[in-house]
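Colleague: Just passing along the structure, written as C-alpha cells.
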Amino acid sequence: MRIRTALQISGLSLLLAFGSSLQASEDLSRQIDNLMRRPVLLKAQQIPRLNGIPVRQIQLIAKGSDGDIHAIPYQIDEIDKDGFPMVAEVDGIEVDGQWGTVDANDEVLFMAGDAGDALSKDELKNFHVIYEVIVSTAAGQRFVYLAGVNRLRNSPKHYVHFDQEKALIKTDWYQLTLDKSNPVIWNELFYFNYAGTKRGQFKSLLDTMKVRLHSGVFTRFMNISLSNRHLKAKILRVKNGPIRTVIQLQIRVVVAKIPVMKIGMQFHVMPQMIDFPSLVAIPGIFDRVMVEPTMTISLDWNDLRGSKVYTAHYPKRPAVVDGQLSDHEINLRQSGISNENNWIAIDTGKNFASVFSLKLPIDEDVGVLSFFYDDSFVLADPPETVLGQGPNMGWKIRDMPSDVRYYMTPSLFFIDSLGDVPVIDLVAHGKYSTSAEVKDVDVH
Numbered sequence: 006m007r008i009r010t011a012l013q014i015s016g017l018s019l020l021l022a023f024g025s026s027l028q029a030s031e032d033l034s035r036q037i038d039n040l041m042r043r044p045v046l047l048k049a050q051q052i053p054r055l056n057g058i059p060v061r062q063i064q065l066i067a068k069g070s071d072g073d074i075h076a077i078p079y080q081i082d083e084i085d086k087d088g089f090p091m092v093a094e095v096d097g098i099e100v101d102g103q104w105g106t107v108d109a110n111d112e113v114l115f116m117a118g119d120a121g122d123a124l125s126k127d128e129l130k131n132f133h134v135i136y137e138v139i140v141s142t143a144a145g146q147r148f149v150y151l152a153g154v155n156r157l158r159n160s161p162k163h164y165v166h167f168d169q170e171k172a173l174i175k176t177d178w179y180q181l182t183l184d185k186s187n188p189v190i191w192n193e194l195f196y197f198n199y200a201g202t203k204r205g206q207f208k209s210l211l212d213t214m215k216v217r218l219h220s221g222v223f224t225r226f227m228n229i230s231l232s233n234r235h236l237k238a239k240i241l242r243v244k245n246g247p248i249r250t251v252i253q254l255q256i257r258v259v260v261a262k263i264p265v266m267k268i269g270m271q272f273h274v275m276p277q278m279i280d281f282p283s284l285v286a287i288p289g290i291f292d293r294v295m296v297e298p299t300m301t302i303s304l305d306w307n308d309l310r311g312s313k314v315y316t317a318h319y320p321k322r323p324a325v326v327d328g329q330l331s332d333h334e335i336n337l338r339q340s341g342i343s344n345e346n347n348w349i350a351i352d353t354g355k356n357f358a359s360v361f362s363l364k365l366p367i368d369e370d371v372g373v374l375s376f377f378y379d380d381s382f383v384l385a386d387p388p389e390t391v392l393g394q395g396p397n398m399g400w401k402i403r404d405m406p407s408d409v410r411y412y413m414t415p416s417l418f419f420i421d422s423l424g425d426v427p428v429i430d431l432v433a434h435g436k437y438s439t440s441a442e443v444k445d446v447d448v449h
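Here the working numbering is used: the sequence shown runs in plain steps of one and ends on residue 449.
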C-alpha cells in the first residue's frame, strides 16, 4: 500500500511539474507576443500530408471578421542542403528534396494576427482543408487552415518588403536603408513607434553598422585596418516574401590581393527583426597573411543619450549612455559577454529597444568573443555620418582560426521596450511564435 501511494504521489508530482512547465512556457509565449509580432513557423514534418504536393497548390485560409473566408498572407520556403531558404532554383545550390514541392524540411510561415474563427465541417470540406492550426492568443483560440487546393485570390498584404532599387527594407514597424553599392553599409534606421522626437519628425536611430578587421600583414609591424567599405559585398538574389523576405549576399575580404575570407550570408527580414544566417569560410592562407587579427562588428547608434545598455553577464546592471566611459563600462568590455552568452541590448525608454545576439557553433573554434563598446558624443570613428559614438556597441573577435568553415547567425530585434521578458528568453524563443497547435482534418 505504501509503495502504491508513493508511486501515486510520484506520478502526481511529475504530472504537476509537467503542467507547471507547460504553463510557464505558455505564459512566456504570451509575454513575448505582447512584446513583438512574431511569425508562426511550421516545419513540414509537422504537416506530413502536404509532402509531395506542389507548393503553388497550397493555400492558407481563415475566416475574417466579416464572416467570409479569405486567403491570408503566407509563404512556403523551400530549404537547401545547407539549411538556408532557397531564393531561387539556381546552379550551385541544391534543394533539400524536390524543387517546387513540399519536402520534409520546408517551412510554412504566417502571422498569428491573421487567424480567425473556426470553420464549419461543410466549409472544411468545400475548401479541401488538410490541417487546422490552432493559435492561442490573449483573446482566446483562433484558427488558420491549410488547404490542398488554391481556390481563393492570394492576399496582397506584405508585412515586409525590400526595394532593391532603393536599397530600402520596410516593415510595419521599422525602415532600414542600405548603401546601394554595398549592402553591409547601413545608412538610416527609423522605428515608427519611437517617441524620442516631436510629433511628425523622424530621427535615424542608427548612424551606421561597422565591420572592422585590424591585423598585421605578414608581420605584426605592418598593420592594416579594413572597414565594411573595404568588404566586397554583393546582393545575388532576393525573395520578397510577405512574412520573411530573404536577401542573399556574397561577401569577400581581400588583403594584398589575396582572398582571406568568404562569407555566404542571407538577410531574413521579418516584421520586428532581422536574422543574418551566415556560412563563413576562412582558408588556410589566412594565418600566413594575417598576424594577430581582430574583427569587430558593431552598431553605432545616433545620440541615444540616457539609454540603458545591458549585456548577457550583467542583465540587471546596465550601463547608461552619457558620453563618458565609466569604470563599469570599461569592465563590460572585458567581462560583459562570452562566446556562449553574448547577447547585448539597448533600451531608450522612449518606445524603442533593440537586442543583438550571435548564435555560434558549440564545437567549432571561431575565436574569442568580447564586448566592443564606446560611449562618446565627440569621438570620431569613420566611416560615419554623425560625429560621436552614441553608443557604438557590438562584438570583438580575437584569436581567429584559419582553414575553417562554420555557420553563425547574428540576430537583431526591434521592439518598443525590453519589458518584463528576460532578454535571454527573448533571444532563445522570440524569433518565431510557438503558440500554434496543428491538427489533422478529416472531412470525409
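By construction, the Cβ of each residue, glycine as well, lies at the ideal position given by its N, Cα and C atoms. Since the structure is predicted, the reported quantities are computational estimates derived from the model, not experimental observations.
#1: Just to confirm, are I248 and L417 a CB contact at a threshold of 8 angstroms?
#2: Going along the chain, which unbroken runs of the beta strand (DSSP E) with 3 or more residues stay wholly within the segment 98 to 131?
#3: Within its chain, find whatever has a CB closer than 7 angstroms to the CB of F419; leave out the 5 residues flanking it on each side and keep chain order.
#4: Suppose contacts are defined by Cβ-Cβ distances below 8 angstroms. Is V107 in contact with T224 by that definition?
#5: According to DSSP, is F291 helix, strand or coil?
#6: Give the DSSP-derived three-state secondary structure of A49 in the structure shown.
#7: How big is the Cα-Cα spacing for A76 and S362?
#8: Considering only the beta carbon of each residue, do P427 and S232 sit closer than 8 angstroms?
#9: So does the segment 327 to 345 actually touch the segment 242 to 261, counting three or more Cβ pairs closer than 8 angstroms?
#10: Measuring CA to CA, which of N356, S422, D445 and P264 is closest to Q36?
#11: Do you know how far the Cα of N245 is from the Cα of H163?
#12: State the Cα-Cα distance for the pair E99 and K86, rounded to the nearest angstrom.
#13: Counting only the same chain and skipping the five closest in sequence on each side, list residues whose C-beta sits under 6 angstroms from that of P415.
#14: Taking the alpha carbon of V138 as the point to measure from, which residue in E170, R147 and F132 has its own alpha carbon closest?
#15: For D82, write down the residues that DSSP places opposite it in a beta bridge.
#16: Measuring alpha carbon to alpha carbon, tell me which of N356, T390, I349 and E369 ends up nearest K401.
#17: Apply the 10 Å Cβ neighbour rule to V442 and answer buried if 16 or more other Cβ atoms are within range, or exposed otherwise.
#18: Taking all protein chains shown into account, do 16 or more other C-beta atoms lie within 10 angstroms of the C-beta of E345, making it buried, or fewer, making it exposed?
#19: Looking at the secondary structure, which residues open and close the alpha helix (DSSP H) in which L431 lies?
#20: Assign S26 to one of three DSSP states: helix, strand, or coil.
#21: Given 8 angstroms as the limit, is there contact between the segment 281 to 294 and the segment 326 to 337, that is, 3 or more CB pairs closer than that?
#22: How about Q80 and N155: do their beta carbons lie closer than 8 angstroms?
#23: So for D447, helix, strand or coil by DSSP?
#24: Express the C-alpha separation of P406 and G372 in angstroms, rounding to a whole number.
#25: Restricting to Cα atoms, I'd like to know which of A117, G153, L173 and L374 is closest to I252.
#26: Give the DSSP-derived three-state secondary structure of D327 in the structure shown.
#27: Kindly indicate the opening and closing residues of the alpha helix (DSSP H) around D332.
#28: Alpha carbon to alpha carbon, how far is L431 from W306?
#29: So which of Y378, F226, E170 and G88 has the shortest CA-CA distance to K48?
Modeller: With the given structure in hand:
#1: no
#2: 112 to 116
#3: W178, Y179, Y196, Q277, M278 and S359
#4: no
#5: helix
#6: helix
#7: 35 angstroms
#8: no
#9: no
#10: S422
#11: 9 angstroms
#12: 6 angstroms
#13: F281 and L363
#14: R147
#15: E112
#16: I349
#17: Strictly speaking, residue 442 in this sequence is Glu, with Val absent from that position. The residue is exposed, with fewer than 16 neighbouring Cβ atoms inside 10 Å.
#18: exposed
#19: V428 to H434
#20: Reliability of the predicted coordinates at S26 is poor, the pLDDT of 49 falling under 50, and the value obtained from them is presented with this limitation in mind. In the structure shown, S26 sits in a helix (DSSP, three-state: H, G or I).
#21: no
#22: no
#23: coil
#24: 6 angstroms
#25: L173
#26: coil
#27: D332 to S340
#28: 22 angstroms
#29: G88
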